[in-house]
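One structure is given below, encoded as structure tokens.
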Amino acid sequence: MGLFLKIFIPLLGGLLAFYFYSAPQSFNEEMLRGKRVIVTGASSGIGEQMAYHLARMETHLLLTARTEAKLQKVVERCLELGAASARYISGSMENPSFPEVVVKEAETSWGGLDMLILNHIGYSGFNFFNGNVGQVRKLMETNFISYVAMTTSALPMLKESDGSIVVVSSMAGKAGSPFAASYSATKFALDGFFSSLRHEFIVDKVNVSITLCILGYINTESAVRAVSHVIQGTPAPKEECALEIIKAGALRQRELHYPPWVVSAVVLLRDIAPEFLDSMTRSWYNVENLRRT
Ligand SMILES: NC(=O)c1ccc[n+]([C@@H]2O[C@H](COP(=O)([O-])OP(=O)(O)OC[C@H]3O[C@@H](n4cnc5c(N)ncnc54)[C@H](OP(=O)(O)O)[C@@H]3O)[C@@H](O)[C@H]2O)c1
Ligand SMILES: *[C@@H]1O[C@H](CO)[C@@H](O)[C@H](O)[C@H]1NC(C)=O
9 MGLFLKIFIP
19 LLGGLLAFYF
29 YSAPQSFNEE
39 MLRGKRVIVT
49 GASSGIGEQM
59 AYHLARMETH
69 LLLTARTEAK
79 LQKVVERCLE
89 LGAASARYIS
99 GSMENPSFPE
109 VVVKEAETSW
119 GGLDMLILNH
129 IGYSGFNFFN
139 GNVGQVRKLM
149 ETNFISYVAM
159 TTSALPMLKE
169 SDGSIVVVSS
179 MAGKAGSPFA
189 ASYSATKFAL
199 DGFFSSLRHE
209 FIVDKVNVSI
219 TLCILGYINT
229 ESAVRAVSHV
239 IQGTPAPKEE
249 CALEIIKAGA
259 LRQRELHYPP
269 WVVSAVVLLR
279 DIAPEFLDSM
289 TRSWYNVENL
299 RRT
């Protein structure tokens with residue numbers, strides 16, 4: 009087993025990483041200059057870092073999240089970094105009418121849209137499922153339905169610009185992981201919906217790309233706060249993660265795996281050795297450090 013872990017997994021991870029990274033085209037920051045981009049969940053974490061990268065690339069930015077004070081600061085920083093323009097609109101994606109409001113804002117200020125980056129998530133805790141069905145329903149609205157609603161409202165503009173949709177998901181949206189049942193469900197839903205929609209776009213000759221980003225453990229404040237006492241291992245840097253997401257979107261890649269080795273190995277093991285993956289997954293957690301709520 010030790011040898012298996014040491015040799016087989018890195019080898020497969022490497023092969024898959026190579027496969028996913030050998031994009032036919034290479035990334036160039038010019039690709040994004042002057043593009044009109046919406047980033048959701050942009051007040052902190054990976055979304056905030058994406059905003060800074062996009063600002064350096066001289067894009068027009070519309071940022072959204074709930075906390076106005078944080079968004080104001082991020083917008084200021086984006087303008088300092090060189091954004092062609094930057095504005096924000098605050099509100100909660102728990103509110104079913106808010107997704108359309110955000111897209112309308114882009115329409116009135118720009119008259120079009122090139123890239124829609126869907127990244128926000130509602131708070132879901134990290135623990136045993138406590139039977140609260142209402143909470144699952146609410147998280148489905150925030151983490152999944154709002155992504156569908158934003159896509160629907162933005163589609164006419166994206167069709168016009170041959171634009172891109174970038175959906176930020178997680179390893180928990182590819183393989184079940186414990187203590188995140190509702191979160192995991194919302195991320196699986198994204199894969200189902202957007203992978204299906206991608207087929208339809210191709211059948212219909214709609215030239216709008218869909219990039220699904222499968223992320224491992226990233227060092228954002230909220231993730232570290234939620235899981236560092238339970239999960240061993242060093243999280244990957246949010247700045248690099250944010251840049252890889254933007255690159256994958258600009259290159260119109262189907263899926264991004266970041267960090268590539270870990271995520272690709274997990275996705276592969278899910279199919280060829282699911283029980284092994286399950287037991288390995290459980291061994292990563294210090295369950296004794298969880299306090300049941
Ligand atoms: N960090 C990781 O280890 C990791 C791993 C896998 C996948 N991911 C994915 O990466 C993405 C970003 O995660 P992150 O770690 O950067 O999280 P984060 O720092 O907690 O950021 C979440 C963002 O969503 C916003 N938000 C929260 N509730 C909202 C609501 N009801 N309506 C609208 N916006 C809301 C937050 O701002 P406000 O509070 O101001 O609203 C914040 O801007 C997520 O899709 C997550 O699933 C992260
Ligand atoms: C689709 O859009 C991309 C990005 O604008 C463009 O490079 C590509 O040529 C388009 N493909 C078709 C078939 O129009």
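Residue numbers (our numbering): 9 to 301.
Don't be surprised by glycine CBs; every beta carbon is placed ideally from N, CA and C.
Nothing here was measured: the structure is a model prediction, and the numbers come from that model.
Inter-residue spacing [alpha-carbon to alpha-carbon] between residue i and residue j
{"i": "GLY119", "j": "MET158", "result": "16 Å"}
{"i": "THR219", "j": "ARG41", "result": "19 Å"}
{"i": "SER291", "j": "MET179", "result": "16 Å"}
{"i": "ALA193", "j": "ILE253", "result": "22 Å"}
{"i": "GLY22", "j": "ALA77", "result": "42 Å"}
{"i": "PRO243", "j": "ASN227", "result": "5 Å"}
{"i": "LYS182", "j": "TRP269", "result": "15 Å"}
{"i": "PHE209", "j": "ASN138", "result": "39 Å"}
Beta strand (DSSP E) segment containing residue i, residue limits
{"i": "LEU124", "result": "123 to 126"}
{"i": "TYR293", "result": "Premise fails: TYR293 is in no beta strand (DSSP E) and is neither H nor E."}
{"i": "VAL82", "result": "Counting along the chain, VAL82 falls outside any beta strand (DSSP E), though it belongs to the alpha helix (DSSP H) covering 76 to 89."}
{"i": "THR219", "result": "217 to 223"}
{"i": "GLU263", "result": "263 to 266"}
8 Å contact criterion, which residue i and residue j should meet: CB distance rounded
{"i": "LEU69", "j": "SER51", "result": "Contact doesn't hold; Cβ gap of about 13 Å is too wide."}
{"i": "PHE202", "j": "VAL175", "result": "5 Å"}
{"i": "CYS249", "j": "TYR225", "result": "With a Cβ gap of about 10 Å, CYS249 and TYR225 do not count as contacting."}
{"i": "ASN297", "j": "VAL238", "result": "5 Å"}
{"i": "ARG260", "j": "SER177", "result": "ARG260 to SER177, Cβ: 17 Å. No contact."}
{"i": "LEU20", "j": "LEU264", "result": "Between LEU264 and LEU20 the Cβ distance is about 18 Å, and since that is not below 8 Å, they are no contact."}
{"i": "GLY133", "j": "LYS146", "result": "Not really, about 12 Å apart at Cβ, beyond 8 Å."}
{"i": "MET101", "j": "SER154", "result": "4 Å"}
{"i": "GLU66", "j": "VAL82", "result": "Not really, about 17 Å apart at Cβ, beyond 8 Å."}
{"i": "SER230", "j": "GLY49", "result": "At roughly 10 Å, the Cβ-Cβ gap does not stay under 8 Å, so SER230 and GLY49 are not in contact."}
{"i": "PRO186", "j": "TYR96", "result": "PRO186 to TYR96, Cβ: 36 Å. No contact."}
Secondary structure of residue i, DSSP reduced to three states
{"i": "HIS68", "result": "strand"}
{"i": "HIS61", "result": "helix"}
{"i": "SER178", "result": "strand"}
{"i": "LEU276", "result": "helix"}
{"i": "VAL156", "result": "helix"}
{"i": "THR48", "result": "strand"}
{"i": "VAL210", "result": "For clarity, residue 210 is Ile in the given sequence; the question names Val instead. If DSSP states are grouped into helix, strand and coil, ILE210 belongs with the helices."}
{"i": "ILE239", "result": "strand"}
{"i": "ILE54", "result": "helix"}
{"i": "ALA281", "result": "coil"}
{"i": "SER34", "result": "coil"}
From the options, residue whose alpha carbon lies closest to that of residue i
{"i": "SER93", "options": "ALA59, GLU108, LYS255", "result": "ALA59"}
{"i": "PHE152", "options": "PRO104, GLY139, PHE16", "result": "PRO104"}
{"i": "HIS38", "options": "GLY133, GLY130, ALA63", "result": "The question names His, but residue 38 in the sequence shown is Glu. If we check each option's Cα against that of GLU38, ALA63 comes out closest."}
Residue i: first and last residue of the uninterrupted alpha helix (DSSP H) it sits in
{"i": "PRO254", "result": "Here residue 254 is Ile; the residue named in the question, Pro, does not match the sequence. ILE254 -> alpha helix (DSSP H) spans 246 to 258."}
{"i": "ARG95", "result": "Note, ARG95: premise wrong, no alpha helix (DSSP H); beta strand (DSSP E) at 93 to 98."}
Residues passing the C-beta test against ligand 3 heavy atoms, cut-off 6 Å: Ligand 3 is absent from the structure shown, which contains only ligand 1 and ligand 2.
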